[in-house]
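**Student:** Here it is, the structure, as structure tokens.
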Ligand SMILES: Cc1cc2nc3c(=O)[nH]c(=O)nc-3n(C[C@H](O)[C@H](O)[C@H](O)COP(=O)(O)OP(=O)(O)OC[C@H]3O[C@@H](n4cnc5c(N)ncnc54)[C@H](O)[C@@H]3O)c2cc1C
Ligand code: SF4
Ligand code: FES
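Now the structure itself:
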């Protein structure tokens, strides 16, 4: 296959960026999208040019490090699949792929396709935990938990923190991400003691970081590679309201 | 220097209790006077950093990742072991200890393994208290499943994402401490050296991966929890950035490297499909519970598997190991797959694959049953290969997965450099020559939550640490060396990319230091690796600049260390004239092609001392003494 990659190039957080087109020949359909990018980068280095920076690590869809807009869609065209798990068989010979970084004020660009998502960490710092120290906790089976509750909590806990929801949302809202964490703890007995403070603090920090508010377009759910449901946003709103009284 | 493993006195079950009572304590008010550096925030490092901050120490934590929610640990699928005996099937601390020593083919230290089994139950309690959503039964209690090398169900799991959920648990305790200011976290920081003052580890040098800035950080003690080095093979199931740099630089500062050749090759991975391949993907070991492994009896038979009849198939694991069948341990399954392919029975375009077939179980239990149990794995396989495993058998081949070797540590997890402690996959650890499934997560969390927070107190309380900070001369010299080295690398401007050279190293390692090794091949590797290293230092091409975000420079700096480590692995494999666990020397096998251990001459840990760039390393031996578990030959027939 022959592919053209039209990539966003930006050399530093403060410099202006631009799109630049690069041809890539001899792409096999068994290659992953990132292996195609590796090939392009190695070609660029051989030509004495700067390779395109992008973030990645596990290449298995679990670490949440990768995240690229491909042809205007977060993580590319497939449902429930991260950028690193896309394969070239999902594209056509001769196709042009427009690749861009996540775009959101709360995720400043570091270089090319790499962004700074530390705002997510600060939201988590504000309350995304159960306050227990190591040691001195009860036996793991001391508190039975309904299987159904754990399964729902797990669905929420499956979030990989990639930021696709924010990048997709026209308001750059982080409510799917925050809703997933609040839900996980709200459904488990371990999360009850700090339930109210947690949601208030996390929402406050979310606002400080400059994330927008949800206006219910549900684009985030469509693009979330872990198919986190917008029901988590509804629960976030309920939890927040309850905590306010 | 002689190795002192500091194993406490007393019976194996009393050692840890006695030791905890005997060690010196730092009183609560004094803890805040101590600074501790933790490099690595995977399961081991993250757990250590959070727990020590809870105790009152000032912790500085570093990772080359952007956040402590990312680390290689997150990719673990299967589960974590503990001796809870919730299923009432006869498990106990002693049995977990016994299975781990045996599974490691008798090359681990008994006292450490016992302690690991002893604290395993606390880990599960801790994770549940943090809100980790482990799988549960309808009654609301925790569910367990079984894994290779054990006859009891002791594996706790969270769907196929156990590592993710455990790491997010660790991350939650860590962000809580970041919020209180007891942990200062440095994201996207690469540790490039350990700094010693008076012979003791007193800090590190880092490079800020965004700005390129080189900085010194001082502390009273340093902890490395920087993971394994499987990526020396280029292709492995490890995350792309996993590397040996932290361990290797510490090795050059005097930390001995133990059993570097002990590598685990996992039998069920998706085979290599092209030379553009960047990494290999694991298909969970649990698939071998229901899948049957086979190859065509006829060599070079490239018919569609559907057209190959039952009597033309060789279910070789069932044939060779009637009692364990497809469930033999990882090292055995891997070696046999290679042997079949070497003999010309391999399948697929590269002929380096065997079939893992689910047809029988689908006929027996139905497609829905299979999809309920393995659906996510089947989907992942399909996404990667484009083939549907419900219709045609999976093709699998072994791949590098885990490194049992690592920096040598004593019972307190301290290396041969005073004050430098090593946790998790980075130490030579508790797994001997072969790690059992679901035991790495257990070890990482045991080290981080329950061992180092005690043992580091003993070191600190002994005092004798000069009052210094990062403007000390030793830091300045180290910074300068790092800077010079990086400049030298950037100045080469050759014709090969970092990936080109890393791929070549991978080929050498896989061919001669891989699944089966022999004297001739290892000597060849000892020839080839230094040549390749020379080529790197004269012909690599690194684009961009030093003082900017430069992923190619990061990769080059890591490759430089892999090019030195590879040689030590070959040397260690050559020295170990026996076969044990994942280390198979072709010269040492039984008439039935099974590994032949030599307990008289090799029941020791091989700990290598760095002796300078162009000198041979020196071998030190820690003799292994087995008071509890009798040495026998593992048999899975
Ligand atoms: C696909 C896969 C599946 C697995 N499944 C299981 C399983 O089911 N059960 C099981 O028990 N085990 C499993 N394992 C093994 C297990 O996941 C690992 O051994 C374990 O997670 C390692 O944890 P760690 O904390 O030691 O290191 P890691 O998680 O590798 O963390 C290393 C940390 O060190 C940092 N670091 C490294 N070098 C530097 C440096 N120079 N400077 C700054 N920071 C640095 C990294 O940024 C990271 O934070 C699996 C492994 C793989 C590959
Ligand atoms: S909710 Fe989905 S899209 Fe958003 S960070 Fe989590 S996994 Fe990514
Ligand atoms: S690289 Fe880990 S999720 Fe894509």
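Residue numbers (our numbering), protein chains in the order written: chain A, 127 to 371; chain B, 22 to 658. C-beta atoms are modelled at their ideal positions from N, C-alpha and C, and glycine is treated no differently.
(1) State the DSSP-derived secondary structure class of residue 366/A, mapped to helix, strand or coil.
(2) Using 7 angstroms as the limit for Cβ to Cβ distance, is residue 227/B near chain A?
(3) Anything in the stretch 328-359 of chain B with a Cβ closer than 8 angstroms to a Cβ of chain A? List those residues in chain order, please.
(4) Is residue 282/A near ligand 2, in the sense that its beta carbon is under 6 angstroms from a heavy atom of that ligand?
(5) DSSP three-state call for residue 291/A: helix, strand or coil?
(6) May I ask you to report which of helix, strand or coil DSSP gives residue 504/B?
(7) Answer yes or no: do residue 125/B and residue 455/B have a C-beta to C-beta separation smaller than 7 angstroms?
(8) Throw me the rounded Cβ distance for the residue 305/A and residue 367/A pair, which I believe falls under 8 angstroms.
(9) Since I believe residue 175/B is in contact with residue 117/B (beta carbons under 8 angstroms), could you give me their beta-carbon distance rounded to a whole number of angstroms?
(10) Under the criterion of a Cβ to heavy atom distance below 6 angstroms, does residue 182/A qualify as lining ligand 3?
(11) Report all residues from its chain with a CB closer than 8 angstroms to the CB of residue 447/B; omit the five preceding and five following residues, and keep chain order.
(12) Give the residues of chain A in contact with residue 146/B, contact being defined as C-beta atoms less than 8 angstroms apart.
(13) How would the residue list near ligand 2 read, in chain order, if you kept each one whose beta-carbon is closer than 6 angstroms to any heavy atom?
(14) Since residue 405/B meets chain A, which of its residues come closer than 9 angstroms, beta carbon to beta carbon?
(15) Of the residues that make up the stretch 550-584 of chain B, which ones have a beta carbon closer than 9 angstroms to any beta carbon in chain A?
(16) Can you tell me whether residue 580/B is buried or exposed? The criterion is at least 16 other CB atoms within 10 Å of its CB, across all chains shown.
(17) Which first and last residues belong to the alpha helix (DSSP H) in which residue 246/A is found?
(18) According to a CB-to-CB cut-off of less than 8 angstroms, which residues of the stretch 233-248 of chain A neighbour chain B?
(19) Given residue 668/B, which residues of its chain have a CB within under 6 angstroms of its CB, disregarding the five upstream and five downstream residues?
(20) Please identify, using Cβ separations under 9 angstroms, the residues of the stretch 170-186 of chain A that lie next to chain B, in order along the chain.
(21) Whole angstroms are fine: how far does the CA of residue 239/A sit from the CA of residue 228/A?
(22) Could you check the C-alpha separation between residue 160/A and residue 209/A for me, to the nearest Å?
(23) Check whether the stretch 136-146 of chain B and the stretch 635-644 of chain B are in contact - that is, three or more C-beta pairs closer than 8 angstroms.
(24) Where residue 141/A and residue 232/A are concerned, what is the direct C-alpha to C-alpha distance, given to the nearest angstrom?
(25) What in chain A is Cβ-close to residue 194/B, meaning under 7 angstroms?
(26) Would you kindly work out how many angstroms separate the C-alpha atoms of residue 261/B and residue 570/B, rounded to a whole number?
(27) Please check if any C-beta of chain B sits within less than 7 angstroms of the C-beta of residue 144/A.
(28) Answer with yes or no whether the minimum CB distance from residue 151/A to chain B is below 7 angstroms.
(29) Please find out if some non-hydrogen atom of ligand 1 comes closer than 6 angstroms to the beta-carbon of residue 303/B.
(30) Can you tell me whether DSSP reads residue 243/B as helix, strand or coil?
(31) Would residue 419/B pass as an interface residue toward chain A - the criterion being a Cβ-Cβ separation below 7 angstroms?
(32) Residues of chain B with CB closer than 7 angstroms to the CB of residue 280/A, please, in chain order.
(33) Kindly list, in the order they appear in chain B, the residues whose Cβ is closer than 7 angstroms to that of residue 276/A.
(34) For residue 357/A, which residues in chain B fall below 9 angstroms Cβ to Cβ?
(35) Does any residue of chain B have a CB that is nearer than 7 angstroms to the CB of residue 353/A?
(36) Between the alpha carbons of residue 490/B and residue 218/B, how many angstroms are there, rounded?
**Tutor:** This is what the structure holds:
(1) helix
(2) no
(3) none
(4) no
(5) helix
(6) helix
(7) yes
(8) Actually they do not touch by this definition, with Cβ atoms about 13 angstroms apart.
(9) 7 angstroms
(10) yes
(11) 61, 65, 245, 246, 247, 248, 249, 267, 268, 427, 428
(12) 263, 264, 265, 266
(13) 285/A, 286/A, 287/A, 288/A, 289/A, 290/A, 291/A, 302/A, 303/A, 306/A, 350/A, 351/A, 352/A, 354/A
(14) 156, 158, 211, 213
(15) 562, 563, 564, 565, 569, 570, 571, 572, 573
(16) buried
(17) 244-251
(18) 236, 237, 240, 242, 243, 244, 246, 247
(19) The requested residue 668/B is not part of the displayed model; chain B covers only 22 to 658.
(20) 170, 171, 172, 174, 175, 176, 177, 179, 180, 181, 182, 183, 184, 185, 186
(21) 7 angstroms
(22) 8 angstroms
(23) no
(24) 17 angstroms
(25) 255
(26) 17 angstroms
(27) no
(28) no
(29) yes
(30) strand
(31) no
(32) 154, 179, 180
(33) 154, 157
(34) Within 9 angstroms Cβ-Cβ: nothing; residue 357/A doesn't reach chain B, min ~17 angstroms.
(35) no
(36) 10 angstroms
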